[in-house]
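Numbering-wise, the sequence shown is residues 1 to 939 according to the working numbering.
We put the CB at the ideal spot given by N, CA and C, even for glycine.
Computed from a predicted model, the values in this text were never measured in an experiment.
Here the structure comes first, spelled out in structure tokens, and everything after it is commentary.
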Amino acid sequence: MTDIAPTPVFDYFSQVDLPTPTLSDDEVQRLFADTFGVEIDVQALGSQQDQNFRVFARGSAEPLGVLKLSNPVFSEAEIEMQDAAAARVAERSPQVRIPRIVVGPRGAMSTWWESSQGRIHARVIENIAGRTLMGSGYLSPATVENMGALSAAVSLSLADFTHPASARVLQWDLRHAERVIDTLLPLEPDAGVRAIVQRAADAARAALAPVRDRLPVQAGHFDVTDDNVLCAPGAAVPDAVIDFGDVCASWRVGEIAVTVSSVLHHDDATPETAFPAIRAFDQVRDLTDDELTALWPLVILRGAVLVLSGRAQVRLDDENEYASVALDREFRILEQAASVPIPVITAATRAALGRSRSEEPAWTGAPVLSLGRHVELDAATESPLNDEGAWLDASTLDDAAMAALDAGADVVTVPAWRARLTGTTDPLPPTPETVPTDVLVWLANPADADDALVWTVGAESVTTLPARTRLSARRPLDAHVPPRRTTRALADAWREVAGDPGAVIGVPAAAPTPDDLLARRHEVLAEVQEHYYAAPPRIERGWREHLVDVDGRVYLDMVNNVASVGHAHPHVVAAGSRQMCLLNTNSRFHYRAITDFADRIAATLPDGFDTVFFVNSGSEATDLAIRLAMAATGRPDIVAMREAYHGWTYASDAVSTSIADNPNALSTRPAWVHTVDAANSYRGKYRGADAEKYAPEAVAVIDELAASGRPPAGMIAETYFGNAGGVALPDGYLTEVYAAIRRHGGLAIADEVQVGYGRLGEWFWGFEQQGAVPDIVAVAKSIGGGHPLGAVITRREVADRYRTQGYFFSSTGGSPVSSAIGMAVLDVIEQEGLQENARVVGGHLKRRLEKLGEKHDLIGTVHGSGLYLGVEFVRDRETLEPATAETAAICDRLLERGVIMQPTGDFQNVLKIKPPLVVTQASVDVFVDALDHVLTTGF
């Protein structure tokens, strides 16, 4: 029987140098017309080893397809295999868009050309609509997850695919990566690059060796990377895979290893950034333990091959711009892949996939320190040590340790692995690396250092441990010493593989426990009681404009007008605490605080506002204001501005017409609510100078109601369009509308819940910006500084008419504690000049944001005044199409960078910027810099 000769296929090691074809545009156009019968225009595309063009029928702007001129070293069988593999994936995974061979007037556009550079295979592949993720911009977790899902879909589709050419030997086949490195490394002229690659590759080889012979093998794409996936037009995540040029048989896990590697060079990417892709792949392909062991060594080897191959290609073909441009990102891939020791990142990956953890290495020897009397300090987020901003003081922790030693302690420690907020002297810009891997130690007497731990004082290693000095002890992993601070996921992994340094000393840290608080919240709270963000940080401390999560990460709070005078202001805290020690009861008792507070708040308003009602929230305040107008006039009808939000109680919800809060807001209003156009001079019916038409139209609505026999009881409106992001009402709007309401015997209600109390900078109350005076003012949020407190202020004759509706009683509205806190908030605003701070810092912030608008077309405009601002994002500055999805993504990316921000407006396309009034210029600069970075690098 005659043996069948094997299909001849490419073997990289027989031809290491792969110069790309470089046919001229003229020759390509001539050969294309000769073979395919179509006259074309061409647009060159990049490739490392092939020559690619986007082709257009002559004179057409619509792409005909992508012309791929394969490197001559690849055989016809290999090219046929690539097309067959693409067809298989398209058949098995119809949800994945896959390009096919274009059919032209002479049939399938795939043939061999006899060119000036020899015999070259040419084929035209469909031009899939969309954009690649090429470049090094930011990739969102959803995008990374979809990359992993695409990689998995391709892998599953090709699981049983076979082809005679699949045994070809490619430099990109990770089974041959070590051999490629051995071939190219000696040829690399840069000694520094050689050393970096050698060190990373040696570690990867050692980790891969125990499992390499057990790894499953199958056919795969092995290039599902950021350059080879596409997002459909208008889509945020990829759904298409192109370029099957690297199809071969190799280790199955290599598919996701290649995908992961392509994530690592993107902005802000770390090895943890790849976890969503690995999770998505694992859900479909169920990675084995051996594959998980091999994953990160293969990512490192992929990075090493990319670096060496890219640099070799540029030396061979220095005009290959595609290869040249890729050098920096390829080096970053290797750097990031090797930035965490393989056992640590592997343990973190296993945890991210929900695999069981290994037992951390036990310490079986005797404690290396003689403890005597031991005191452990708590430096975590919720520790009393950190109250009143003491966590920002570098001396707080040392002072506490010295106090413990002075009280007789022999050893004072702060455990590893638990958040260590104390001593965070420079919280901005925020960083996610906050979890300590070291145990801190203070000794009453000197001691000798041991070899089991790495001891340092500051940045200096020590072998003798001095007394009454802060010492840091970390437990190394072989030659790797953990960073002093890292993320929670990597801290847990370091502990799992290296062990707890506290155990060596004799004071082991508490075992980690899973945080199920968010799941419990979802179980016990109503679904409609939502929280910010899909995966919110667990915030347990606030100070000034900072919020701190349980892992000690500090966030810049740019959205919290509830904490008007800053989180945990000592004067406010002391006032509430002192009053709680004295008395707290319902407001029907006679006590001083409620009267004093009523006098104080009334004094901030124009003459005539002499009567105050206290409630607990903005919803209650606007509800009561509406009821007051109805009672005072004996009428049921209310006029309200569209697109506003006033609260969730029956009456306040009835006049709320923001479709962002209720998509059916307008169609479900009760008959007693009558709306007028939102007086938005940026995107409303009337814009710019035409916005002066809003007031006459609103007046006409009021006049028509009166003429129909239904004169309104009142008109309620935000005095500064807060729900739209701080849009100022047109000049004179409230003056005209208030006059019309009063002409028909109604009352003007000012909703100051969002914008009042000094936030606007130039004006204490929003109605002052309009030069108008209302009859009833409803206010909340800011007046309590985070405490539930609201107020309605009016004239005595209006208040007295409420009796016609029955009696009024709010158990805790204006309670002793609420009143004491309310007065303390006013104290702070006045004594610390926070209205002026809003004017100055807010003015600086607005100017910087407007400057940002000159750089980024997505910014349509910047609304607002003082520290109530709105950045409105639009896809087109002419049509003002709202950039809703982009705004949500920007907020998520800002969170990753440590800034709390949320969208507002009917289209949820405006950043609502309303930080605590104590915010500093330095802090708002951090915010603007973060926003600029996000808009520049992607979201």
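- Here Glu540 carries a strand assignment [DSSP, helix/strand/coil].
- Burial check for Arg420: the Cβ neighbour count within 10 Å reaches 16 or more, so the residue is buried.
- Burial check for Pro915: the Cβ neighbour count within 10 Å reaches 16 or more, so the residue is buried.
- When Asp932, Val792, Leu895, Leu867 are compared, the shortest CA-CA separation from Val548 is found for Leu895.
- Ranked by Cα distance from Arg131, the first of Gln769, Gln902, Gly234 is Gly234.
- Rounded to the nearest whole angstrom, the CA to CA distance from Gly104 to Val38 is 8 Å.
- One Cα belongs to Ala77, the other to Val193, and the distance between them is close to 37 Å.
- Contact between the stretch 214 to 233 and the stretch 267 to 284 is absent: fewer than three C-beta pairs spanning the two stretches fall below 8 Å.
- In the DSSP assignment, Arg474 falls within the unbroken beta strand (DSSP E) covering 471 to 474.
- Put simply, the stretch 806 to 824 touches the stretch 567 to 583. At least three CB pairs are less than 8 Å apart.
- CA-CA distance, Pro514 to Gly354, rounds to 12 Å.
- If you draw a straight line from the Cα of Ala717 to the Cα of Arg669, it is about 16 Å long.
- In this structure, Leu392 keeps its C-beta atom at 8 Å or more from the C-beta atom of Phe927.
- Within 10 angstroms of the beta-carbon of Asp438 lie 16 or more other beta-carbons, which makes it buried.
- For Ile278, the enclosing alpha helix (DSSP H) begins and ends at 275 to 285.
- Assignment of Phe907 by DSSP, reduced to helix, strand and coil, places it in the coil class.
- When only Cα atoms are considered, Asn616 and Ala503 end up about 50 Å apart.
- Residue Asp83 holds the alpha-carbon nearest to the alpha-carbon of Arg123 among Asp282, Asp83, Gly135, Thr22.
- It is roughly 47 Å from the alpha-carbon of Glu126 to the alpha-carbon of Val559.
- Residue pairing by DSSP puts His546 in a beta bridge opposite Trp543, Leu556.
- If you look at Ser261, you'll find it in the alpha helix (DSSP H) that goes 254 to 263.
- Per the coordinates, the alpha-carbon of Arg553 lies some 11 Å from the alpha-carbon of Pro429.
- For Pro238, the uninterrupted beta strand (DSSP E) segment begins and ends at 238 to 241.
- Note: Tyr868 is bridge-paired with Ser865 in the DSSP secondary-structure output.
- Straight-line measurement puts the Cα of Tyr868 at about 7 Å from the Cα of Val755.
- Residue pairing by DSSP places Cys231 opposite Arg131, Pro238 in a beta bridge.
- The beta carbon of Val481 lies closer than 8 Å to those of Val454, Arg474 in the same chain, with the five residues before and after it left out.
- Annotation for Asp387: Ala568 place their beta carbon closer than 8 Å to its own, counting only its chain and skipping 5 residues before and after.
- Bounds of any alpha helix (DSSP H) do not take in His163, whose DSSP letter is neither H nor E.
- Taking C-alpha positions only, Val412 is separated from Thr463 by approximately 19 Å.
- For Pro343, the number of other beta carbons within 10 angstroms of its own is at least 16, and it is reported as buried.
- Pairing Asp243 with Asp223 gives a Cβ-Cβ distance under 8 Å.
- When C-beta atoms of the stretch 723 to 743 are compared with those of the stretch 840 to 853, fewer than three pairs fall below 8 Å, so the two segments do not count as touching.
- In this structure, Gly310 and Glu330 form a Cβ contact; the two beta carbons are roughly 5 Å apart against a cut-off of 8 Å.
- Pro63 is bridged by DSSP to Phe56.
- Straight across, the Cα-Cα distance linking Arg468 with Asp213 is about 54 Å.
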